[in-house]
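These notes are about the structure you will find just below.
Residue numbers (the numbering used here): 69 to 698.
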């Protein structure tokens with residue numbers, strides 16, 4: 069196959085084409101060059117339409133119920149809606165793209181360290197401004213799936229296989245594999261893999277002679293683009309493609325002597341341009357304000373359960389939510405659920421096409437990634453076997469310490485998709501070249517593929533009604549209290565269990581600044597100042613910790629003068645102009661407690677209880693006293 073081995077077109081019959089005598093006219097007039105990205109045929113249009121149809125099927129609950137949010141990962145949906153509003157503000161107001169104080173005031177949030185998705189949020193600005201970040205999120209998620217399927221199909225059909233059916237089957241799995249549907253439940257940045265097949269193709273094209281500069285620049289553009297969508301996907305793609313290219317170079321060193329040097333020239337151009345373009349953004353990510361050094365220890369131990377490789381995900385037709393829950397950390401991380409049928413087919417394809425080096429290398433990389441995904445300790449059916457995994461040697465290595473080990477299993481899906489395409493192509497060729505075996509081959513191919521893929525067919529995402537943005541925000545009433553010198557403080561402060569205030573500030577186009585956040589932020593533990601691993605919320609403060617504890621159902625402690633002083637210090641740290649509380653679980657307990665802490669009761673307005681605290685915050689001599697609460 070031309071893209072993997074550079075010898076012959078994938079799927080071409082083994083027999084040589086008959087020689088045709090050239091006419092004088094043909095000898096004089098050169099044959100027209102056949103473009104690899106030729107005009108789409110009706111088969112191509114149908115294939116692309118099918119990806120859009122399945123994407124709409126998966127995300128239909130979000131479109132049919134615009135007042136709903138994702139059931140399993142609402143916090144990440146609110147986070148990406150906030151990011152979409154940030155991208156729109158970058159384009160309309162020209163704000164600094166790599167840092168923002170609209171969240172987690174006064175410390176702010178490092179955008180590069182938090183998957184800012186600028187390469188998506190900026191182009192979606194018209195939709196965000198016209199219809200709001202909630203609708204824009206739906207477009208982001210649905211478009212990510214549809215474009216990923218289209219991209220895989222076009223690359224597979226133009227560069228890897230000649231059969232449209234083979235390309236469609238491979239692309240369908242790459243796009244709607246269980247891990248992809250799982251991450252569609254809250255991580256649109258991860259399912260936005262439409263650049264991955266292009267990166268793979270253009271990397272392999274670096275071997276083309278006399279085109280080092282051109283090919284290097286094209287690949288650099290794709291890498292830079294992907295860096296502003298999701299660096300984790302880019303890193304895993306680079307590792308997989310890098311291993312493949314190194315092994316292939318070793319195998320072909322004698323038959324293609326000049327190939328490595330040509331490849332390295334193109335790669336040098338790619339590296340120079342990419343590093344020059346990303347040097348500043350990456351310096352902000354790793355060394356800028358609110359940067360962190362590696363994920364928290366417990367996240368770095370998130371490994372795939374060995375039993376999950378033969379199980380079915382909760383969002384597959386053969387899946388069971390209870391079983392899947394026992395084999396994964398959460399519904400968004402069901403990365404290794406391939407099922408028995410696909411595992412058997414995968415092994416069968418490797419054996420069947422074992423004479424093709426590229427196939428064996430793909431299989432080897434897939435096995436390596438599976439081993440890495442198990443994490444530092446191997447678990448089977450939720451039980452720690454005590455056996456150290458490959459990741460135990462890697463989880464503290466710089467850069468790798470920012471990767472979630474279980475997600476290496478997600479990176480296996482594209483390799484399986486490519487093998488499926490090559491396997492179907494092999495079967496199609498046998499049908500064409502061996503008419504006597506046409507029936508058995510067709511039955512075997514259809515049966516094997518159906519038994520492997522039908523149980524993995526995706527089901528629609530699950531949603532739940534979301535709390536509406538309060539009228540206090542939608543009517544602009546908040547503007548009386550929040551300005552350049554004041555913020556809005558929500559009770560409890562936003563975190564992974566209460567992300568609603570992120571949606572409020574996104575609704576205002578980031579005109580509203582808020583305290584607290586659900587984001588990756590550096591740990592600031594005074595007991596260990598050197599610890600800058602990532603946490604998912606701002607460092608603990610007395611008031612935020614107390615409100616979170618009350619909301620979780622814990623007893624309310626005694627309200628003392630010391631606690632009142634700490635609350636006043638927190639409000640001044642946040643530069644609070646107004647504190648609001650929406651109707652929610654344990655709201656009365658939080659209302660009474662906070663009123664007792666600052667010495668006066670709230671006002672009900674615009675669907676929130678509101679405390680105007682500017683007099684306390686702006687006056688350094690202000691004091692708080694107890695009030696009588698009935």
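Glycine residues also receive a C-beta, built at the ideal position from the N, C-alpha and C atoms.
Every value quoted in this text rests on a predicted model; they were computed, and no experiment measured them.
query                                                                                                                                                                            : result
Quick check on this structure: which residue in 285, 257 and 275 has the alpha carbon closest to the alpha carbon of residue 294?                                                : 257
Can you tell me where the beta strand (DSSP E) holding residue 672 begins and where it ends?                                                                                     : 671-673
Where does residue 99 sit, in a helix, a strand or coil, going by DSSP?                                                                                                          : At residue 99, the pLDDT of 37 sits below 50, so the modelled position is not reliable; the number obtained from the coordinates is stated separately. The answer is coil: DSSP assigns residue 99 none of H, G, I, E or B.
Which residues mark the beginning and the end of the beta strand (DSSP E) in which residue 455 is found?                                                                         : 451-456
Alpha carbons only, please: which of 688, 694, 632 and 566 is nearest the one belonging to residue 651?                                                                          : 566
Just checking residue 623 against the ligand ADP - is the residue's beta carbon closer than 8 angstroms to any of the ligand's heavy atoms?                                      : Of ligands this structure carries none, so the ligand ADP is not represented either.
Hey, out of 314, 555, 467 and 657, whose CA is closest to residue 174's CA?                                                                                                      : 555
Once DSSP output is grouped into helix, strand and coil, what is the label at residue 478?                                                                                       : coil
So what does DSSP say about residue 602, is it helix, strand or coil?                                                                                                            : strand
Can you tell me where the beta strand (DSSP E) holding residue 25 begins and where it ends?                                                                                      : What the structure shows of the chain is the stretch from 69 to 698, and residue 25 is not part of that stretch, so it cannot be assessed.
Relative to the C-alpha of residue 401, which candidate in 615, 218, 166 and 259 has its C-alpha closest?                                                                        : 259
Please give the ranges of any alpha helix (DSSP H) in the stretch 365-435, keeping only runs that are unbroken, at least 4 residues long and fully inside the region.            : 389-393 and 407-420
Of all the alpha helix (DSSP H) runs that stay within the bounds of the stretch 516-572, which reach a length of 4 or more residues?                                             : 539-542
Looking at C-alpha atoms only, which residue of 667, 604 and 584 is the closest neighbour of residue 171?                                                                        : 584
If we count the other Cβ atoms within 10 Å of its Cβ and call it buried at 16 or more, is residue 266 buried or exposed?                                                         : buried
Alpha carbon to alpha carbon, what distance is there between residue 419 and residue 506?                                                                                        : 21 angstroms
Do residue 604 and residue 563 have their C-beta atoms within less than 9 angstroms of each other?                                                                               : yes
Does the separation of the CB atoms of residue 667 and residue 632 fall below 9 angstroms?                                                                                       : yes
Quick check for students: name the residue ranges of the beta strand (DSSP E) that lie wholly in the stretch 132-200, counting only runs of 3 or more.                           : 136-138
Please determine if the stretch 123-134 and the stretch 205-223 are in contact, where contact requires at least 3 C-beta pairs separated by less than 8 angstroms.               : yes
I'd like the list of long-range same chain contacts for residue 183, defined as Cβ closer than 7 angstroms, with 5 residues on each side in sequence excluded.                   : 257 and 298
Assuming the contact rule is C-beta atoms closer than 8 angstroms, residue 152 and residue 189 should be a hit. Round their C-beta distance to whole Å, please.                  : 5 angstroms
Closest to residue 526 by C-alpha separation, out of 381, 206 and 390, would be which residue?                                                                                   : 381
So, for residue 479: in the same chain, excluding its five sequence neighbours on each side, which residues have a beta-carbon less than 7 angstroms away from its beta-carbon?  : 304, 308 and 437
May I ask you to report which of helix, strand or coil DSSP gives residue 245?                                                                                                   : coil
Roughly how far, in whole angstroms, is the beta-carbon of residue 707 from the beta-carbon of residue 224, given that I think they are within contact range, below 8 angstroms? : Outside the displayed span of the chain (69 to 698) sits residue 707, for which this structure offers no information.
How big is the Cα-Cα spacing for residue 528 and residue 388?                                                                                                                    : 14 angstroms
Give the C-beta separation of residue 386 and residue 407 to the nearest angstrom, bearing in mind that I take them to be a contact with Cβ-Cβ under 8 angstroms.                : 7 angstroms
Alpha carbon to alpha carbon, how far is residue 430 from residue 661?                                                                                                           : 60 angstroms
Between the C-alpha atoms of residue 191 and residue 319, what's the straight-line distance to the nearest angstrom?                                                             : 43 angstroms
Is the beta carbon of residue 439 sitting closer than 9 angstroms to the one on residue 458?                                                                                     : yes
Only counting the same chain, and skipping five residues up and downstream in sequence, which positions put a Cβ closer than 6 angstroms to that of residue 115?                 : 221 and 236
Since residue 644 sits in a beta bridge, which residues does DSSP pair it with?                                                                                                  : 555
Could you give the distance in angstroms between the alpha-carbon of residue 573 and the alpha-carbon of residue 580?                                                            : 5 angstroms
Which stretch, first to last residue, makes up the alpha helix (DSSP H) that contains residue 619?                                                                               : 610-619
Report the residue from 288, 334, 685 and 296 whose alpha carbon sits nearest the alpha carbon of residue 342.                                                                   : 288
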